[in-house]
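Each residue of the sequence shown is one higher than the one before, starting from 871 at the first, in the numbering used here.
Where a beta carbon is used, it is the ideal one built from N, C-alpha and C, also for glycine.
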Amino acid sequence: YYTVLLVIIGLLVIATVLVYLFRSRILNWIMATILGMYIASPLDFLPDFIPIAGWGDDIGALIFMIGFIIRGIKMTQKKEEPKTITVEEVDEEDIELLE
Numbered sequence: 871y872y873t874v875l876l877v878i879i880g881l882l883v884i885a886t887v888l889v890y891l892f893r894s895r896i897l898n899w900i901m902a903t904i905l906g907m908y909i910a911s912p913l914d915f916l917p918d919f920i921p922i923a924g925w926g927d928d929i930g931a932l933i934f935m936i937g938f939i940i941r942g943i944k945m946t947q948k949k950e951e952p953k954t955i956t957v958e959e960v961d962e963e964d965i966e967l968l969e
């Protein structure tokens, strides 16, 4: 029973770390880099000489890489947006309150 409990706790810890990394910007760039290296690498899960399926894993990796890059850019832009306050009307009473 202790072994099963340790395995469950280990899986929960791994899942927690993966959720944290998935929500952070760092994972997007790490995954994009890893997928780019996979595409450039001569090693494949499915060799390229197999018709259609050989290129399918490369195309899938490319699609995921582009998705991670776009997501990383959007997350970066979202964090860097300036916060502005708009003031519609200012009366003399408002100015007196500020002084």
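Closest residue to residue i among the options (Cα-Cα distance)
i    : options                : result
G937 : I920, E966, V883, L897 : L897
A910 : I940, M945, L932       : L932
G930 : I920, Q947, Y908       : Y908
I939 : T903, T956, E959       : T903
Chain-order list of residues whose beta-carbon lies under 8 Å from that of residue i (same chain, five-residue window excluded)
i    : result
F934 : M901, L905
7 Å CB neighbourhood of residue i in its chain, flanking five on each side removed
i    : result
R941 : N898
F915 : D927
Taking contact to mean 3 or more Cβ pairs, one atom from each stretch, closer than 8 Å, check whether the region 925-937 and the region 873-882 are in contact. no
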